[in-house]
Amino acid sequence: MSIMAVISVVVELQDKPGQLLKALEPISREGGNILSIIHQRDKMTPLKKVPVEISFSVDNQKTALRILNRLREEGLSVKSFNEVRLLATTSVMIIGHIVKTDLSDTINRIDSTGFAEVVDMEITMPEVNKPSTAMITISATGKEKLEEALEILKSVCRDKHLLLIEPVNEELS
Amino acid sequence: MINIILIGFGAVGQGVAELLYRKKSEIERLIGKYRVVAVCDSKGSVIDENGLRIPDVIERKKKGAFDGKKSIEVIETLDYDLMIEVTTTDVHSGEPGLTHIRQALERGVNVVTSNKGPLVVAFSELNRMAEKKGLRLMYEATAGGAMPLIKLAKNDLAGNEILFIKGVLNGTCNYILSRMEKERMTYSQVLVEAQELNIAEADPTYDVEGIDAAAKLVILANSLMEMDSCFRDVEIRGITEITPEAFEVASTRNYTIRLIAEANREKRILKVSPRLVPFHHPLAIRGTMNAALIKTDLAGDVVVMGRGAGKYETASAIISDMVEIYRKRYE
């Protein structure tokens, strides 16, 4: 399975045997891959419930929502649900008439994918009509998705006659 | 006795001739007796079937181009064992080297070349021809100059599969980029400086547009990775559009910019383009140096670095090919 997203939920469990299973079973049945379980005993509630943080990976957001509903159906109180965490990030540089060629369109082409977004950008414009230089950081839900987003950016840059400078790194981290 | 003809007598050709003369006793200890029976330039040749005296040939060249037989006539008619082909590169037609190498192989002699053109244009044809006739066609000097790359991969890394190669294969571009990085000068300012230092040619297109690096990449991809590629297959982007600000912005993320040639068989990548290179990365080298990172299945990552061009540097690679062909084997 290609890891698409990591979700972490905090559920409050009664401090007695069998409770943890009630939380884990629906996750694994619905296709979640459990990564870690942390008991937060020091944060025990006044009603003597123990918050447990469970992290799991899913292959899409739908699965995540389904799991969440199952947990609620089990009568567990889900205290927090951490949104999809973007897993892969890379920086690329773009040189050329970045602003003139509709910068917001360029960014939107990445953001509109749903699996990748531009999370940071630094742009230097030395003079009007001279090429500008931008460093753009893109995050995606997984390595493959990041590569897919880079392919989109590549074709946008080709169309707009911008120079795209990719990192040489062996691993996109 | 190994009879050698030397085709091409520019800087590299003269460097080879000088080494063959100056290091004769060392080289002969490795491969046995040899002599240079003909030297050709683009106009003519000097020939002595009993062996030329190299200092006389160099003196003769100073007075102007050779007359006498044309190189192709020398290749087709003289009696010799090894042709050293060091004429200038044309990556599109491969000529005149292509005809020279075809004819020499046809005649049944070994060939050592520094000329990228013939190998970029007709890599498999020439290699098949040599193999069929049991001859050696050696070309270490074509990719990376004195930097050991082809024999390193074929001999020392034998048994490994090469997964990808990423390299800085053009010293001129690397010089320009590392000067832009350090001095924050514009591309055109550094180019002028490089031309004054004879690091860049008067017409720098071949280097700065990535053509030279792409030609080397094709040779590496074909000889070490069996990619059966040609020049057209390489996606090429040069360094002329890079702004001085680019280095400033890149450095805030601990990157510099280098022209990187990359061949990856599985991902079907063959490209030469400016890339962001982390400061600590082995390819973030400075000056006219060349470097290559070879990823193998068994040996892991292997990095080499060396001089990619220059009279004696290139000649060094040619001599090493010649020694490889004729080295005395001990039982």
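Line order of the protein sequences matches chains A and B.
One gets my numbering by counting positions in the first sequence from 1 and adding 12 to each.
One gets my numbering by counting positions in the second sequence from 1 and adding 96 to each.
Even glycine gets a Cβ: it sits at the ideal position worked out from N, Cα and C.
Beta-carbon proximity of residue i to residue j, cut-off 8 angstroms
i, j, result
"Leu201(B)", "Leu174(B)", "no"
"Ile143(B)", "Val182(B)", "no"
"Cys136(B)", "Ile180(B)", "no"
"Ala380(B)", "Thr348(B)", "no"
"Ile150(B)", "Gln199(B)", "no"
"Lys166(B)", "Phe105(B)", "no"
"Ile315(B)", "Thr238(B)", "yes"
"Leu386(B)", "Gly240(B)", "The sequence as given places Asn at residue 386(B); Leu does not occur at that position. Yes, the Cβ-Cβ distance between Asn386(B) and Gly240(B) is below 8 angstroms."
"Leu366(B)", "Glu341(B)", "no"
"Leu394(B)", "Asn223(B)", "no"
"Ile24(A)", "Ser89(A)", "Checking the displayed sequence, the identity of residue 24(A) turns out to be Glu instead of Ile. Yes, these two residues count as a Cβ contact at 8 angstroms."
"Ile46(A)", "Ile106(A)", "no"
"Gly140(B)", "Gly109(B)", "no"
"Thr136(A)", "Val345(B)", "yes"
"Gly213(B)", "Leu231(B)", "no"
"Ile100(B)", "Val133(B)", "yes"
Beta-ladder partner(s) of residue i, from DSSP
i, result
"Arg275(B)", "Answer is none; Arg275(B) lacks a bridge partner."
"Asp397(B)", "Lys391(B)"
"Lys262(B)", "Glu358(B), Leu389(B)"
"Pro63(A)", "Glu24(A)"
"Gly255(B)", "The partner list for Gly255(B) (beta bridge, DSSP) is empty, contrary to what the question assumes."
"Cys326(B)", "Its beta-bridge partners do not exist; DSSP assigns none."
"Gly108(A)", "Ser144(A)"
"Ala236(A)", "Given a span of 13 to 185 for chain A in the structure shown, any question on residue 236(A) remains unanswerable."
"Met234(B)", "Val208(B)"
"Thr136(A)", "Thr145(A)"
When the options are compared against residue i, the one with the closest alpha-carbon
i, options, result
"Glu337(B)", "His109(A), Ser40(A), Ile79(A)", "His109(A)"
"Pro179(A)", "Leu162(A), Leu33(A), Thr145(A)", "Leu162(A)"
"Met323(B)", "Gly147(B), Glu358(B), Ala346(B)", "Glu358(B)"
"Pro244(B)", "Ile123(B), Glu409(B), Gly267(B), Arg423(B)", "Glu409(B)"
"Glu227(B)", "Lys262(B), Gly204(B), Leu389(B), Val264(B)", "Gly204(B)"
"Asp117(A)", "Pro29(A), Leu165(A), Met147(A), Phe93(A)", "Leu165(A)"
"Lys112(A)", "Asn141(A), Ala128(A), Glu86(A), Val90(A)", "Asn141(A)"
"Ile246(B)", "Glu124(B), Ile154(B), Leu313(B), Gly267(B)", "Leu313(B)"
"Leu115(A)", "His173(A), Gly126(A), Ile79(A)", "His173(A)"
"Val130(A)", "Thr101(A), Pro143(A), Arg170(A)", "Thr101(A)"
"Ala311(B)", "Gly128(B), Asp186(B), Lys119(B)", "Asp186(B)"
"Ala290(B)", "Glu124(B), Asn270(B), Ile98(B), Asp177(B)", "Asn270(B)"
"Leu77(A)", "Leu99(A), Ile19(A), Thr125(A)", "Ile19(A)"
"Ser416(B)", "Asn146(B), Ile272(B), Ile127(B)", "Ile127(B)"
"Val400(B)", "Arg131(B), Cys326(B), Asp252(B)", "Asp252(B)"
Exposure label - residue i; buried when at least 16 CB within 10 Å
i, result
"Asn211(B)", "buried"
"Leu176(A)", "buried"
"Glu42(A)", "buried"
"Val70(A)", "buried"
"Thr209(B)", "buried"
"Asp303(B)", "buried"
"Ile50(A)", "exposed"
"Ser48(A)", "exposed"
"Met13(A)", "With a pLDDT of only 29 at Met13(A), under the threshold of 50, the placement of this residue in the model should not be trusted, and no figure is reported."
"Lys424(B)", "exposed"
"Ala161(B)", "exposed"
"Val21(A)", "buried"
"Asp397(B)", "exposed"
"Pro63(A)", "buried"
"Met276(B)", "buried"
"Val168(A)", "buried"
"Ile298(B)", "According to the sequence as given, residue 298(B) is Ala; it is not Ile. Ala298(B) is exposed by the Cβ-count criterion."
"Lys262(B)", "buried"
Partner residues on chain B for residue i, Cβ-Cβ distance less than 7 angstroms
i, result
"Thr145(A)", "Thr339, Glu341, Ala342, Val345"
8 angstroms Cβ cut-off: residues of chain B touching residue i
i, result
"Glu134(A)", "Val345, Thr348"
"Ile107(A)", "Glu337, Ile338, Thr339, Ala342"
"Leu175(A)", "Arg333, Glu337, Ile338, Pro370"
"Pro138(A)", "Thr339, Glu341"
Contacts of residue i in chain A (Cβ-Cβ under 8 angstroms)
i, result
"Lys262(B)", "Val180"
"Val142(B)", "Result: empty, since nearest Cβ-Cβ is about 47 angstroms, beyond 8 angstroms."
Under 9 angstroms from the C-beta of residue i: neighbouring residues of chain A
i, result
"Ile258(B)", "Within chain A, no residue comes near Ile258(B); the closest Cβ sits about 14 angstroms away, beyond 9 angstroms."
"Val377(B)", "According to the sequence shown, residue 377(B) is His rather than Val. Ordered by position in chain A, the residues that pass the 9 angstroms Cβ test against His377(B) are Val180, Asn181."
Residue i beta carbon near the ligand PLP (any heavy atom closer than 7 angstroms)
i, result
"Pro378(B)", "Ligands are entirely absent from the displayed structure, and the ligand PLP is therefore not among its contents."
Contacts that residue i makes with chain A (C-beta to C-beta distance below 7 angstroms)
i, result
"Ile356(B)", "Val180"
"Met196(B)", "Looking at the sequence provided, one finds His at residue 196(B) rather than Met. The contacting residues do not exist; His196(B) stays about 37 angstroms from chain A at best."
"Val373(B)", "Val180"
Neighbour list for residue i in chain D, Cβ cutoff strictly below 9 angstroms
i, result
"Ser103(A)", "Absent from the structure: chain D. Protein chains present are A and B."
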